[in-house]
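**Q** First to last, the sequence lines map onto chains A and B.
Read in order, the letters of the first sequence correspond to residues 1035 to 1312 in my numbering.
Read in order, the letters of the second sequence correspond to residues 2 to 295 in my numbering.
Even glycine gets a Cβ: it sits at the ideal position worked out from N, Cα and C.
Since the structure is predicted, the reported quantities are computational estimates derived from the model, not experimental observations.
Have a look at this one.
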Amino acid sequence: MKIAVLSGKGGTGKTFVSVNLAVTAKKSMYIDCDVEEPNGHVFLRPQNISEEMISVKKPVFDYEKCIGCRKCVDFCRYGALVFVKNKPKLFPDICHSCGGCELICPVKAVSEKDERIGMIQRGEYKKVSVKTGILDPGVPSGVPLIHACVREEDQDQIMVIDCPPGSACTVIESIEDADFCVIATEPTIFGLHNFKMVQELVMILGKPYGVVINKLESFKNPMDQYCIEKHLPLLAHIPFKEELFQSNAEGLIACEIDDEIAGIFEKMFARIKNEVTT
Amino acid sequence: MRQILVLSGKGGTGKTTLASALIGIHQAKAFADCDVDAPNLHLTVGKMPEPIEHDFMGDQKAVIDQDKCSACGYCKTDCRFDAVDFDNGVYTINTIACEGCAVCTIRCPQEAITMVDDVAGVLTLYKNTHTFSTAKLKMGRGNSGKLVTAVKQQLVMNTDLNIELAFIDGSPGIGCPVIASVTGVDDVLMVVEPSLSGFSDFKRLMETIYQFRIHPMVCVNKYNIAQAQADMIEQYCADHAIDFLGKIPYDTMVSKAINEGKNLSEVDGPAHQAILTIDQKMMACIKEQNQTRK
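If you want it as structure tokens, here you go:
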């Protein structure tokens, strides 16, 4: 069972919800797909760490073989190749690793080499296996790294996927195989505006979903109003408490220290399990 | 025109709240929202004129002509983006996964695949005595960096040369839209959440920003709720010679003001006062940098 936690707006509590869900599920896997700014490890402090380098393919040109026909340069849709002194030259940051230049070269002068974009770190916290995608600073796209993060052999285990913010290609890559989506939001007009974007996204992808309203100060807010009007599946309200912000700041796991929060997550997890299995 | 970009690394630390307050304080004539994935600045600027909107074209997408397709499957084998679906003997392109590389067009022996234009987002311009440039990326599109660049170009092209300051609201993270946002701006103001997550994200963002040789300025938001972490960030800045401008307290007025569509320059309170001080220090830092540049 794959549960994806996403949000549109940043800072609404994706990591908070994902970590607490994974811990509530007891035996589970937590996957951090927010590869630009992964934070789950701050809370789960995984032990027995192992690291795996993740790379993408980038073309290399054999200038001995190259006849300067320019076909690769003309083919590249991203403008990642320029033609200098009758030879192709690569701008690696713009290259999407599509393999087109290698395919189109008539004299087989193009091959590929691995280029590191980041790593996957694995570790354990109690019965939770923790898998974190970490993008190298300066690398523009985390999509290939996210792809590697969500690919798991054992499909039957409970997996909680902590997604990147927004609704761009990185989010789609993260939730592609999810069985259920949890949308975390906050009770402000910012929260509502960005919520509508991800809601549309999960609906287009045909995913069942539920809403978690975080940092609740009063039930009279634009987010709750919208959920009631549209009859949206509300999974939980999480109250705003200064102690919660504080323990979160220190990297503590709320459901382990706060009974009210533990109860909220028990109920949330039971409901998600029920929705996925029926 | 000096462009000041507000960034944070971690999401939800108060970029838009701070950017909108600065716009209000300076009565800024030029501003932009570069968080094209999840734009919110337009919710804070009050009444604006009817916008001028343009489609933003992204990468082209492949389309298979089913009449010509012989279902050989070469397109699927060579697609690096898993963008070719196969269902009931029929190959189709998954538009969301397709990155427009056109490899399938050269692999198809039937010449059944063509590339077609794709609208990847909307570029929006509000203009009267102010210029406000913003955009919204269509969901699932991967052209956020290019759209960010278009937002900034639109701002510059529609602003008088004698306008001194422009404020830009950035996006979370350290990837493509952030890199595109930082390119070409003069100053970066970072707003950091006092938490281990906020601190970790801040350090990763610093690594990215240093590649641009920009001297960033830092402030902490909601500092009083997690004093120890706020002190840690301030100390880090002192140790690394980063300009630390100040700390904004948690203030219940903030979410109230936002929900009323106001910015913090209009609502007095502890957060408002702190931002005024931060702004003064920021302007002093900028002045100092200008002098050293000369």
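1) Tell me where the alpha helix (DSSP H) around T278 of chain B begins and ends.
2) Taking M98 of chain B as the reference, which of B:L126, B:C238, B:D68 and B:G143 has the closest Cα?
3) Please tell me whether V104 of chain B has its Cβ less than 9 Å away from any Cβ of chain A.
4) Would you mind telling me which residues of chain A sit closer than 8 Å to T184 of chain B, beta carbon to beta carbon, in chain order?
5) Using a Cβ-Cβ distance under 9 Å, would K248 of chain B count as near chain A?
6) 9 Å is my cut-off, CB to CB: does V179 of chain B come that close to chain A?
7) Under the assumption that T160 of chain B contacts M2 of chain B (Cβ atoms under 8 Å), give the Cβ distance between them as a whole number of angstroms.
8) Taking G1200 of chain A as the reference, which of A:K1048, A:M1035, A:I1037 and A:N1248 has the closest Cα?
9) Examine the Cβ distances between the segment 126-133 of chain B and the segment 28-46 of chain B and report whether three or more of them are shorter than 8 Å.
10) In whole angstroms, what separates the C-alpha of A181 of chain B from that of V1173 of chain A?
11) What does the alpha-carbon distance come out to for the pair N1255 of chain A and L1266 of chain A?
12) What residues from chain A crowd round K11 of chain B, counting only those whose CB sits closer than 8 Å?
13) Looking only at C-alpha atoms, which of B:A272, B:L246, B:K147 and B:L166 sits nearest to K223 of chain B?
14) May I ask you to list, following chain order, the residues of the segment 201-218 of chain B that have a beta carbon less than 7 Å from some beta carbon of chain A?
15) State buried or exposed for I53 of chain B, treating a residue as buried only when at least 16 other CB atoms are found within 10 Å of its CB.
16) Select from A:F1279, A:N1228, A:M1237 and A:A1212 the residue whose C-alpha is nearest the C-alpha of I1065 of chain A.
17) DSSP beta-bridge partners for G146 of chain B?
18) Per DSSP, which one or two residues make a beta bridge with V221 of chain B?
19) So the beta strand (DSSP E) D1293 of chain A belongs to, where does it begin and stop?
20) Which same chain residues, not among the five before or five after F1214 of chain A, have their C-beta less than 8 Å away from its C-beta?
21) Quick one, which residues of the segment 1121-1142 of chain A are near chain B if we go by CB-CB under 7 Å, in chain order?
22) Quick one, which residues of the segment 107-132 of chain B are near chain A if we go by CB-CB under 9 Å, in chain order?
23) By Cβ distance below 7 Å, which residues in the same chain neighbour D118 of chain B in space, the five residues on each side in sequence not counted?
24) Could you list which residues in chain B have their beta carbon closer than 9 Å to that of E1103 of chain A, in chain order?
25) Where does Y237 of chain B fall in DSSP's three states?
26) Could you tell me which chain B residues have their CB closer than 8 Å to the CB of L1235 of chain A, listed as they occur along the chain?
27) Could you please give the first and the last residue of the uninterrupted beta strand (DSSP E) stretch that includes D1258 of chain A?
28) Cα-Cα, which of B:M233, B:C220, B:D252 and B:Q292 is closest to A20 of chain B?
29) Leaving out five residues on either side along the sequence, give the residues of the same chain with a beta carbon under 7 Å from the beta carbon of K1060 of chain A.
30) Is Y1243 of chain A close to chain B, meaning its C-beta is less than 9 Å from at least one C-beta of that chain?
31) Consider the Cβ of G25 of chain B: report whether some Cβ of chain A lies at a distance smaller than 9 Å.
32) Please tell me whether L1115 of chain A has its Cβ less than 9 Å away from any Cβ of chain B.
33) List the residues of chain A that R81 of chain B touches, going by C-beta distances under 7 Å, in chain order.
34) Take the Cβ of A242 of chain B as the centre, count every other Cβ of all protein chains shown within 10 Å, and call the residue buried at 16 or more, exposed below.
35) So, G12 of chain B versus T1046 of chain A, is the Cβ gap smaller than 9 Å?
36) Among B:V149, B:M191 and B:G185, whose alpha-carbon lies nearest the alpha-carbon of I276 of chain B?
**A** Inspection of the coordinates gives the following:
1) From DSSP, the alpha helix (DSSP H) with T278 of chain B extends over P271 to R294.
2) It should be pointed out that residue 98 of chain B corresponds to Ala in this sequence rather than to Met. Of the residues B:L126, B:C238, B:D68 and B:G143, the one whose Cα lies closest to the Cα of A98 of chain B is B:G143.
3) In terms of beta-carbon proximity, V104 of chain B lines the interface with chain A, with at least one pair separated by less than 9 Å.
4) Correct list: empty, because the minimum Cβ distance to chain A is about 11 Å.
5) Not a single C-beta of chain A is nearer than 9 Å to the C-beta of K248 of chain B.
6) Any Cβ of chain A closer than 9 Å to the Cβ of V179 of chain B would place that residue at the interface, and such an atom is present.
7) Rounded, the Cβ-Cβ distance is 6 Å, consistent with contact.
8) The option with the nearest alpha carbon to G1200 of chain A is A:K1048.
9) Between the segment 126-133 of chain B and the segment 28-46 of chain B there are three or more C-beta pairs closer than 8 Å, enough to call the two in contact.
10) Roughly 12 Å separates the two Cα atoms.
11) Between N1255 of chain A and L1266 of chain A, the C-alpha separation is close to 15 Å.
12) Here the neighbours are G1044, G1045, E1071 and N1073.
13) Minimum Cα distance to K223 of chain B is reached at B:A272.
14) Hits within the stretch, in order: S201, D202, R205, E208, T209 and Q212.
15) I53 of chain B counts as exposed, since fewer than 16 other C-beta atoms from the protein chains shown sit within 10 angstroms of its C-beta.
16) Nearest of A:F1279, A:N1228, A:M1237 and A:A1212 to I1065 of chain A, Cα basis: A:A1212.
17) By DSSP's assignment, G146 of chain B forms no beta bridge with any residue.
18) Its beta-bridge partners are B:V193 and B:K248.
19) Annotation for D1293 of chain A: no beta strand (DSSP E) segment contains it, though the alpha helix (DSSP H) segment containing it runs D1293 to T1311.
20) The beta carbon of F1214 of chain A sits closer than 8 Å to those of M1035, K1036, I1037, A1038, K1241, P1242, Y1243, G1244, I1306, E1309 and V1310, all from its chain and outside the five residues before and after it, given in chain order.
21) Taking 7 Å as the Cβ-Cβ cut-off against chain B, the residues of the segment 1121-1142 of chain A that qualify are H1130, S1131, C1132, G1133, G1134, L1137 and I1138.
22) Along the segment 107-132 of chain B, the positions whose C-beta sits under 9 Å from a C-beta of chain A are I107, R108 and M116, read in chain order.
23) Only M58 and Q61 meet the Cβ criterion.
24) With the sequence shown as reference, residue 1103 of chain A is identified as Cys, and Glu is not the correct amino acid for it. None at all; the shortest Cβ gap to chain B is about 14 Å.
25) Correct three-state label for Y237 of chain B: helix.
26) Those within 8 Å of L1235 of chain A in chain B are M140 and G141.
27) Unbroken run through D1258 of chain A is the alpha helix (DSSP H), P1256 to E1263; no beta strand (DSSP E).
28) For the options B:M233, B:C220, B:D252 and B:Q292, the alpha carbon positioned closest to that of A20 of chain B is the one of B:C220.
29) Excluding sequence neighbours, K1060 of chain A sits near K1161.
30) No - not a single Cβ of chain B is within 9 Å of the one on Y1243 of chain A.
31) It does not; no Cβ of chain A falls within 9 Å.
32) It does not: the Cβ of L1115 of chain A has no partner Cβ on chain B nearer than 9 Å.
33) Taking the beta carbon of R81 of chain B as reference, the chain A residues within 7 Å of it are S1131, C1132 and G1133, listed in sequence order.
34) Exposed: under 16 other Cβ atoms inside 10 Å.
35) Contact flag set, yes.
36) In terms of CA proximity to I276 of chain B, B:M191 leads the group B:V149, B:M191 and B:G185.
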